[in-house]
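Here the sequence shown is numbered in our numbering, starting from 1 and rising by one per residue. I have placed the structure first, in the form of structure tokens, so that the comments after it can refer back to it.
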Amino acid sequence: MVLQNIKERLSSKSIFFSEDKISNRPTVIGYDKKFKWRWMATQLNTFIIASDFGDEMITEQTIEEFLTESFKYAKTNYHGWPRGFQSGLGVIGILVSENIDEGAIRYCKELKSGKKWAGFSIPV
1 MVLQNIKERL SSKSIFFSED KISNRPTVIG YDKKFKWRWM ATQLNTFIIA SDFGDEMITE
61 QTIEEFLTES FKYAKTNYHG WPRGFQSGLG VIGILVSENI DEGAIRYCKE LKSGKKWAGF
121 SIPV
């Protein structure tokens with residue numbers, strides 16, 4: 001149900017999306033590309049990756065593993081300008097679950113992002 005809502009919201013914003021599996025979980029993947037002169041003529045390619053974890057407990061380790069897999073997916077499926085050549089790759093990871101431990105909540109609130117060469121990943 002939540003993934004369906006995410007698909008509808010992506011569609012309402014005219015963001016292309018597809019369905020796949022990441023870490024063997026049902027996943028909705030949105031893709032958006034923005035170019036701005038005020039970013040010093042830089043293009044940001046953003047993957048919005050939402051996976052349904054059901055009632056599985058989400059921990060800080062779960063988030064880190066998910067972000068790693070999500071960034072790998074984004075790197076594999078991005079076919080544009082080379083990263084670092086006025087181009088960056090961003091991944092917004094959305095983990096949907098009924099059970100989230102306090103460490104995972106703290107991790108997201110402190111916004112520990114995974115910094116990569118000309119890229120980043122953040123949990124939601």
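Ideal Cβ placement from N, Cα and C applies to all residues, glycine included. Quick caveat: nothing in here was measured; it's all calculated off a predicted structure.
Euclidean distance between Cα positions of residue i and residue j
i	j	result
D32	G103	30 Å
E8	Q86	31 Å
I29	D20	7 Å
L10	I94	13 Å
N5	S97	14 Å
L111	L89	17 Å
Residue closest to residue i, alpha-carbon to alpha-carbon, out of the options
i	options	result
G54	G30, V2, T68, N45	V2
I22	E65, E56, S121	E65
Contacts around residue i, its chain only, beta-carbon distance under 8 Å, and the 5 residues preceding and following it disregarded
i	result
Y107	E60, I63, P123
G80	K33, Q43, N45, S87
Exposed unless 16 or more other CB atoms sit within 10 angstroms - verdict on residue i
i	result
L51	In the sequence as presented, Leu is not what sits at residue 51; that position holds Ser. Per the 10 Å Cβ criterion, buried.
Residues of its chain near residue i, where Cβ-Cβ distance is below 6 Å and the 5 sequence neighbours each way are ignored
i	result
F16	Y31
CB contact flag (residue i, residue j, <9 Å)
i	j	result
I100	S70	no
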